[in-house]
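Residues are numbered in the numbering used here as their position in the sequence shown, beginning at 1, plus a constant of 409.
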Amino acid sequence: MIGKHYYTLLIEFRSAKVAERRSVLIIDDDRSWQAFLSVALRDKYNVIAAFDGSSGLKLAEEWLPDTILLDIEMPIKNGYEVCSELKANPKLSDIPIIFVSFKVNLEEKIAGFKLGADDYIVKPCEAELLSIKIDRSSGLYREKKALDEIASGAQVLAFEAMNNSADLGRALRFAERTYLWSSLDKLADDLFQTMAEFGLETSVMFITPAGPKFYAQNNYELSPLEKDMFVAIHQQERFVDFGCRTFCNFTLVSLLIKNMPLSAPERYGRIKDTVPWILGVMDSKVAALDFQNALVSNHQLINDAIHAISEHLTSALTRLNEKILADSLKSELASYLASASTILTQLSSSQGEFGLQIDKTLNPDTVNGQRVNETGSSDVDFF
410 MIGKHYYTLL
420 IEFRSAKVAE
430 RRSVLIIDDD
440 RSWQAFLSVA
450 LRDKYNVIAA
460 FDGSSGLKLA
470 EEWLPDTILL
480 DIEMPIKNGY
490 EVCSELKANP
500 KLSDIPIIFV
510 SFKVNLEEKI
520 AGFKLGADDY
530 IVKPCEAELL
540 SIKIDRSSGL
550 YREKKALDEI
560 ASGAQVLAFE
570 AMNNSADLGR
580 ALRFAERTYL
590 WSSLDKLADD
600 LFQTMAEFGL
610 ETSVMFITPA
620 GPKFYAQNNY
630 ELSPLEKDMF
640 VAIHQQERFV
650 DFGCRTFCNF
660 TLVSLLIKNM
670 PLSAPERYGR
680 IKDTVPWILG
690 VMDSKVAALD
700 FQNALVSNHQ
710 LINDAIHAIS
720 EHLTSALTRL
730 NEKILADSLK
740 SELASYLASA
750 STILTQLSSS
760 QGEFGLQIDK
770 TLNPDTVNGQ
780 RVNETGSSDV
790 DFF
């Protein structure tokens with residue numbers, strides 16, 4: 410793009426200069442020579458004349474001629490002094506100077522060369538030769554001016570390209586850092602840091618499932634009116650401008666820039682080119698955070714449900730185990746009781762028989778537990 414602009418500027422400049430007549434300033438105190446040069450050059454050039462060095466310096470600064478024809482021997486200021494002052498003036502230093510003098514010494518030419526003169530012609534000279542030298546000098550001068558303007562334009566474009574590159578670099582670094590943040594607080598802080606690098610004062614609104622969430626640079630509280638403006642303008646166009654204040658809207662993000670550079674159109678345009686790219690990245694990040702938070706919330710709900718179910722199952726299993734144990738104990742106890750009852754029954758029967766044996770042993774006249782009737786006994790009387 411810079412190359413295209415370079416050649417376009419060069420063509421436009423050359424076209425304008427072709428249509429424009431070149432100007433020649435003659436500084437010479439010889440009026441006859443002045444008249445000769447004016448007649449010889451006026452058909453081809455715009456001729457301006459000065460009869461002394463001081464007047465010549467003023468005319469040079471006023472008219473900015475394409476070439477200066479300068480005599481050496483003049484009153485008040487000689488040609489060398491005038492040449493020195495011309496070269497010391499940044500505005501005039503590039504204008505070609507041709508010394509025109511009756512002096513033919515080599516030393517005179519060397520002195521002119523040291524001062525920065527472009528050529529040296531000895532009077533008298535032919536008008537055709539002088540015209541050729543003027544064409545050459547003025548042509549080189551205009552070519553240099555064209556190149557300087559192109560270089561200046563290229564420099565402006567280069568600075569603009571560097572600024573664009575710097576802006577893009579800031580945006581890319583912001584996009585890279587968003588992968589590190591897991592909260593809107595961190596995301597807002599990084600956004601404000603990036604906007605500060607652009608020299609912008611901002612505030613931002615995030616749209617969350619819980620409602621709008623507002624952040625301001627330097628952590629100050631947004632006014633109720635500013636919050637209302639955010640909510641009202643969020644659904645409107647991408648950019649909404651109020652003088653130096655500009656809203657930039659995305660689905661989940663809305664940014665308010667409070668100090669747009671209205672006096673710097675190029676920077677204003679770069680900001681409007683770059684900020685939407687940054688907010689687009691933020692919009693995607695906010696959506697990702699919402700999705701992530703929803704997943705975390707659902708995961709927590711599932712964990713809570715699993716924990717509750719686990720507790721219920723554990724409790725039920727405990728109760729079941731207790732019931733099984735109780736039933737087992739009951740069965741064993743019943744078995745023990747049955748065994749004990751049998752043993753007791755057996756013991757009771759054995760005890761009865763044992764009692765009869767004892768009684769029989771102690772009372773032999775007892776038969777089957779009953780004593781024999783004495784009257785029915787034997788008649789033998791032991792006495």
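Ideal Cβ placement from N, Cα and C applies to all residues, glycine included.
query                                                                                                  : result
Length-filtered (4 minimum) alpha helix (DSSP H) runs lying within the stretch 671-746                 : none
Where Pro850 sits in the DSSP three-state scheme                                                       : Beyond the ends of the chain as shown, which are 410 and 792, falls residue 850; an answer cannot be given.
Ser546 (DSSP reduced to helix, strand or coil)                                                         : helix
CA-to-CA distance, Arg676 to Pro685, given in whole angstroms                                          : 15 Å
Unbroken stretches of the alpha helix (DSSP H), 4 residues or longer, contained in the stretch 622-667 : 633-642
Whole-angstrom distance between Leu581 and His708, CA atom to CA atom                                  : 33 Å
Cβ-Cβ distance between Lys486 and Asp461 below 8 Å                                                     : yes
Span separating the alpha-carbon of Pro484 from that of Ala575                                         : 58 Å
Where Val776 falls, given that 16 or more other Cβ within 10 Å makes a residue buried                  : For Val776, the pLDDT reaches just 49, beneath the cut-off of 50, and the residue's location in the model is therefore unreliable, although a value from the coordinates is still provided. Under this definition Val776 is an exposed residue.
Assumed close pair Ile642, Phe656 - CB separation to whole angstroms, cut-off 8 Å                      : 5 Å
Paired residues, beta bridge with Met614 - DSSP                                                        : Phe623 and Ser663
Distance between Ile543 and Pro505 (C-alpha atoms, nearest Å)                                          : 9 Å
Whole-angstrom distance between Leu556 and Leu478, CA atom to CA atom                                  : 24 Å
Cα-Cα separation between Lys453 and Val531, rounded to whole angstroms                                 : 22 Å
Which of helix, strand or coil DSSP assigns to Val448                                                  : helix
Residue interval of the alpha helix (DSSP H) (run including Tyr489)                                    : Gly488 to Ala497
Through-space distance from Phe583 to Asp599, alpha-carbon basis                                       : 7 Å
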